[in-house]
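*Asks:*
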Amino acid sequence: MSRVLVTSALPYANGPIHFGHIVGAYLPADIYVRFRRMLGDDVHYVCGTDEHGVAITLRAEQQGTGYAEYVDHWHGIIAKSLSDVGIEFDVFTGTAHHRNPYHRELAQQFFRDLDANGYLFERTEEQFYSESTGRFLPDRYVQGICYLCGYEKARGDECPSCGKYLEAKLLKEPRSTLDGSKPVLRATTHWYLDLAKIRDEWLGEWFESKRGTWKPNVENFVRSDLKDLRERPITRDLPWGVPVPVEGADGKVLYVWFDAPIGYMSISRQHWESVGAPERFEEFWRSPDTELYHFIGKDNITFHTVVFPSILWGSKRDWTLPSNVPANEFFNLEGRKFNTSTGWYIPEDALRGVVPVDALRYALCTMMPETADSEWTWDGFQSRVNDELADNLGNFVSRTLRFVEKFFDGVIPALGDLSDADRAALEAARQASQTMKECLGTFQFRRAGATLMGLGNVANRYYDAEQPWVTVKDDATRSRSGQSMRICVELIDALATLAAPIMPSTARTLRTAIGRDPEAFRFDRVGVVDDSDSHAGAPLSAALPKFTDPKGHEKTALFRKLSNEFIAEQKQRLEESAMESTTPPHEPLADSIDFDQFTAIDVRVGTVIAAEKHPKADRLLVVQVDLGFERRTVVAGIAASYAPEDLVGRRVNVVANLAPRKLRGVESQGMLLAADGADGKPRLLSADSDVPDGTRVR
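By my numbering, the letter at position 237 of the sequence shown is numbered 481, and the numbering carries on one by one without gaps.
Pasting the structure below:
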C-alpha cells in the first residue's frame with residue numbers, strides 16, 4: 245500500500261468556475277484519486293479556495309462588501325459547483341484566516357525559514373502607483389508594450405505573446421488596467437525569493453531527475469523557465485492577506501502566489517487536527533515515502549514545478565516534494581476561450597436534469613487537454629452521449645439484463661463450460677483492465693475512456709455473435725444461451741470496474757443490477773469468474789435510471805440520448821448569451837498624435853512566401869514576406885493563431901520602416917499588423933486581393 249497525497253489547484257474565490265477549470269484540475273484529480281483507492285492505497289485529497297490577492301480586494305471594495313464576506317460567497321458557490329460534478333475531496337476549506345486558522349501561521353513560518361536560510365532578500369525599489377485609486381498596482385494590473393518582443397498588450401508580470409516574465413516598470417507606455425490612467429513610480433520595500441540561487445544549489449538537478457517521468461508539455465515548460473530564472477517578489481502592499489512577519493512591515497502581506505500553494509498544507513493540517521489525528525499531517529507532508537501529485541492547468545505550471553518545490557526545499561524541514569505535476573493544457577468552448585464575463589461559457593444548470601453527472605464526467609474525460617489544447621463542442625458532446633454511452637455501453641447492459649429477466653426469470657445463469665468465444669471475451673476484459681490501470685496510472689485519461697468503450701464494443705460483438713435470442717428457443721441450445729448471458733453479466737461487471745473512477749454512480753448502478761457489492765471494485769477480479777457470486781436480482785433492469793418518454797410511459801435506460809433539438813437550443817443559447825453579455829470596456833485610446841507622426845509610419849502590403857516556428861520561442865513565428873520590391877524577415881507573436889503552413893500565400897500589412905530588432909536571436913525587419921480576436925488571440929489584418937505587393941497603406 246502506498247501513501248498518496250493529491251491536490252487540485254485552489255480555485256480563486258473571485259468568480260464561478262466553468263468546465264474549463266473542471267477538466268483542467270479537478271476531474272482528472274478526482275478520477276486519479278478513485279483509481280488509487282481502488283488499488284488499496286492510502287490517499288489524501290486536498291483542496292480549498294484561494295482567498296487572498298488584489299483582485300479580491302478590488303472587487304469586494306467595488307461591491308461595498310467586506311473581504312471575508314466576499315470570499316465566503318464565492319467559496320460556497322465554487323464548492324457546490326465541484327460537488328455537482330461528483331468531485332469528492334477529503335477536505336475543502338480555504339486560505340482566509342477566519343476559515344482556516346492554520347494557514348497564516350504556516351505561511352509565515354515558511355517566510356521565516358526561507359529568510360533564515362538565505363533565500364530571501366529585501367529590496368527598496370520603485371513600483372507603479374495609481375494616483376487615481378491611491379494604491380500600488382500589482383504587476384498584472386499594468387499593461388503596456390513588451391520591451392522584449394514589442395507586443396502592445398503585455399501585462400506587467402508576463403507577455404502573452406513571447407511568454408516571458410517581465411519587469412513591470414520596464415514596460416513601454418504603461419497604463420493601469422483599472423481605469424486606463426498612467427501610473428507613476430514610487431518607492432516601496434519588498435522581499436524577494438532568490439529562485440536562481442535555489443536552482444543552482446538544488447532545483448536544476450532535482451528537475452533533471454524527473455526527466456522522462458513528467459508529461460512532455462510540463463518538462464518543456466519548466467526547462468524553458470529554468471534557463472532564465474530570476475528572483476520573484478513575495479510580498480505586496482495590500483490590506484487583506486497574510487501579514488509579513490517582520491517588524492515595521494505594516495500594510496504588507498505575502499504575495500498570493502507565495503501563500504496559495506502553502507494552502508495545500510494548511511488545509512491538510514486543518515483536516516487532520518479536526519479529526520483528532522495530527523500525526524497524519526506529518527505522515528503525508530514530511531515523508532520521503534509519500535507520493536505527492538499536483539493537478540493543475542497550464543497557467544499554474546511554474547508555481548507548482550519551480551516555485552513551490554523551491555519553497556518546500558528552501559525551508560530545510562524535509563517537506564514532501566512533488567512526485568509529478570500532470571498539468572493539462574487549455575480547454576476551449578466551440579473554438580473560443582471559456583469566458584464568463586462575455587457569456588461564452590456553459591452555465592452549471594444547463595445540463596442539470598437532462599444529462600446524468602456521469603455522462604458529463606465521461607465526456608469531459610474524453611475531451612481532456614492532456615498534452616495540447618482541446619475544446620468542448622456540443623456536437624461532440626452529443627456524439628459521446630448518444631453513440632458511446634447510450635448505443636454502446638447502455639445498449640449492451642439493457643439488452644443483457646432484459647434478456648435474463650425475460651428468459652431466465654431474472655436469475656443470472658450459473659457458469660458452465662467455457663467456449664473459445666467465452667475465454668476470448670473474458671481475456672479481452674482482463675487486458676482492458678490492465679490497459680485501464682496503465683492509462684490511469686500515467687494520467688492518460690482520454691485513452692482510459694477509449695479503453696472503457698473498447699471493452700463495450702467487445703461485449704456487443706460477443707452478444708451479437710452468440711445470438712442468444714436464437715439459442716434460447718431450442719432446448720438443445722438453451723444452456724448455451726444461459727452460458728452466453730453469464731459471460732455477458734461478467735462483462736457488465738468488468739465494465740463497471742473500468743467505469744468506476746470515471747463514472748462512479750454508473751458503476752455502482754451496474755454492480756447493483758447484477759446483485760454484487762456496489763462498492764467493491766477490484767481490477768484484479770476483472771475477467772475472473774466466481775460461481776459463488778450472487779445470481780439473484782429479478783427484475784435486474786429495475787436498478788437502471790427511470791424516465792418518462794414523450795408518450796407518458798415510464799421507461800428505464802442506463803443513458804438517454806440527446807435530441808438534435810436540445811443541442812440546437814444549447815448552441816443558440818451560447819450565441820445569444822455572448823451577444824447579450826455586457827461588452828467589456830475598450831482599451832483606452834492612446835495619446836493624440838499629429839498628422840506628420842502618422843505619415844511617418846510606412847505600412848506596406850505584402851504576401852507571405854514562407855513561415856516557420858521560431859527556434860527559441862514557442863509563441864513566435866519567423867515569417868518571410870514579399871513586399872514586391874524586396875523580401876523581409878519578420879518575427880511575429882502569432883503562433884497561438886496560425887500554423888506556419890497556413891500563412892503561405894496570405895496577404896499581410898507590414899510596418900516597413902521599423903528599425904530592425906533581434907527577437908530571441910532572430911532579426912525582425914518590420915512588424916505585421918494584427919488585432920486581438922474575440923478569444924484574445926492575434927488576427928492578422930489583410931489587404932484586398934487586387935492591391936499589389938509593395939503598395940503603401942494610407
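Built from N, CA and C at the ideal position, the CB exists for glycine as well.
The structure presented is a predicted model; accordingly, all values stated were derived computationally and were not measured.
Can you name, in chain order, every residue of its own chain whose Cβ lies under 8 Å from the Cβ of residue 344, other than the five neighbours on each side?
*Replies:* Cβ within range, chain order: 292, 337, 338, 507, 510, 511, 514.
*Asks:* Decide if residue 808 is buried, meaning its Cβ has at least 16 other Cβ atoms within 10 Å, or exposed.
*Replies:* Answer is exposed; the Cβ neighbour count stays below 16.
*Asks:* Alpha carbon to alpha carbon, how far is residue 460 from residue 554? Give it in angstroms, no decimals.
*Replies:* Near 21 Å, if we compare the C-alpha coordinates of residue 460 and residue 554.
*Asks:* Which residues in the same chain as residue 652 place their Cβ atom closer than 6 Å to its Cβ, once the five residues preceding and following it in sequence are excluded?
*Replies:* None.
*Asks:* Measure the C-alpha to C-alpha separation of residue 578 and residue 566 and round it to an integer number of angstroms.
*Replies:* Their backbone Cα atoms lie some 34 Å apart in a straight line.
*Asks:* Who does residue 802 pair with in a DSSP beta bridge?
*Replies:* None; residue 802 has no bridge partner.
*Asks:* For residue 279, which option in 678, 883, 393, 548 has the closest C-alpha, if you only look at C-alpha atoms?
*Replies:* Checking every option, the nearest Cα to that of residue 279 belongs to 678.
*Asks:* Measure the C-alpha to C-alpha separation of residue 764 and residue 588 and round it to an integer number of angstroms.
*Replies:* So the two alpha carbons sit approximately 41 Å from each other.
*Asks:* Answer yes or no: do residue 268 and residue 572 have a C-beta to C-beta separation smaller than 7 Å?
*Replies:* For residue 268 and residue 572, yes; Cβs fall inside 7 Å.
*Asks:* Taking the Cβ atom as the reference point for each residue, do residue 601 and residue 320 lie within a distance shorter than 7 Å?
*Replies:* Result no, Cβ atoms of residue 601 and residue 320 do not sit closer than 7 Å.
*Asks:* Taking contact to mean 3 or more Cβ pairs, one atom from each stretch, closer than 8 Å, check whether the segment 885-894 and the segment 855-866 are in contact.
*Replies:* The segment 885-894 is in contact with the segment 855-866.
*Asks:* Which residue wins for smallest C-alpha separation from residue 474, given the options 455, 453, 436?
*Replies:* It is 436 whose Cα lies nearest to the Cα of residue 474.
*Asks:* Give me the Cα-Cα distance between residue 715 and residue 569, rounded to the nearest whole angstrom.
*Replies:* Between residue 715 and residue 569, the C-alpha separation is close to 53 Å.
*Asks:* For residue 820, write down the residues that DSSP places opposite it in a beta bridge.
*Replies:* According to DSSP, which records beta bridges pairwise, residue 820 is partnered with nothing at all.
*Asks:* In terms of residue numbering, what span does the alpha helix (DSSP H) encompassing residue 354 cover?
*Replies:* Taken as a continuous stretch (DSSP letters only), the alpha helix (DSSP H) holding residue 354 covers 347-360.
*Asks:* Is it buried or exposed for residue 414, if we count other Cβ within 10 angstroms and need 16 for buried?
*Replies:* Result: exposed.
*Asks:* Can you list, in chain order, the residues of its chain with a C-beta nearer than 8 Å to that of residue 695? Leave out the 5 residues immediately preceding and following it.
*Replies:* Closer than 8 Å at the Cβ level, and outside the excluded window around residue 695, lie 676, 679, 680, 683, 742.
*Asks:* Going along the chain, which unbroken runs of the beta strand (DSSP E) with 3 or more residues stay wholly within the segment 596-651?
*Replies:* With a minimum length of 3 residues, the continuous beta strand (DSSP E) runs that stay inside the segment 596-651 are 618-620.
*Asks:* Measuring CB to CB, does residue 387 end up less than 7 Å from residue 433?
*Replies:* Contact flag unset, no.
*Asks:* To the nearest angstrom, report how far apart residue 733 and residue 561 are at their CA atoms.
*Replies:* Residue 733 and residue 561: Cα-Cα distance of roughly 53 Å.
*Asks:* What is the DSSP secondary structure of residue 915, counted as helix, strand or coil?
*Replies:* Strand.
*Asks:* Compare the beta carbon distance of residue 254 and residue 534 with 7 Å and say whether it is the shorter of the two.
*Replies:* Not closer than 7 Å, so no.
*Asks:* Let me check one thing: in DSSP terms, what residues is residue 941 bridge-paired to?
*Replies:* Per DSSP, 847.
*Asks:* Which same chain residues end up closer than 8 Å to residue 389 when comparing Cβ atoms and leaving out the 5 residues on each side of it in sequence?
*Replies:* Closer than 8 Å at the Cβ level, and outside the excluded window around residue 389, lie 395, 396, 398, 415, 416, 417.
*Asks:* Quick check: is any heavy atom of the ligand GDP less than 6 Å from the C-beta of residue 442?
*Replies:* The model depicted lacks the ligand GDP and carries no ligand whatsoever.
*Asks:* Excluding the 5 residues preceding and the 5 following residue 270 in the sequence, name in chain order all residues of the same chain whose CB lies nearer than 7 Å to its CB.
*Replies:* The residues are 252, 326, 331.
*Asks:* For the pair the segment 813-821 and the segment 904-913, tell me if three or more CB-CB distances fall below 8 Å.
*Replies:* Judged by Cβ distances under 8 Å, the segment 813-821 makes no contact with the segment 904-913, as fewer than three pairs qualify.
*Asks:* Taking the alpha-carbon positions, what's the residue 453 to residue 810 distance?
*Replies:* Approximately 50 Å, taken between the alpha carbons.
*Asks:* Looking at residue 937: is its Cβ nearer than 7 Å to the Cβ of residue 870?
*Replies:* Yes; because the gap between Cβ atoms is below 7 Å, this pair is in contact.
*Asks:* State the beta-bridge partners of residue 479 as determined by DSSP.
*Replies:* BP columns for residue 479 point to 498.
*Asks:* Give the list of continuous beta strand (DSSP E) stretches no shorter than 3 residues that lie fully inside the segment 887-915.
*Replies:* With a minimum length of 3 residues, the continuous beta strand (DSSP E) runs that stay inside the segment 887-915 are 895-899, 905-907, 910-912.
*Asks:* Could you say if the segment 466-482 and the segment 541-558 meet the contact criterion of at least three C-beta pairs nearer than 8 Å?
*Replies:* Enough Cβ pairs lie closer than 8 Å, so yes.
*Asks:* Opposite residue 367 in the DSSP bridges: which residues?
*Replies:* Paired residues: 434.
*Asks:* Three-state secondary structure (DSSP) at residue 517?
*Replies:* It is helical.
*Asks:* Would you kindly report the start and end of the unbroken beta strand (DSSP E) that includes residue 252?
*Replies:* Element bounds for residue 252: 247-252.
*Asks:* Spatial neighbours of residue 920 within its chain, please: CB distance less than 8 Å, with the 5 preceding and 5 following residues excluded, ordered by chain position.
*Replies:* Same-chain partners within the cutoff: 397, 926, 927.
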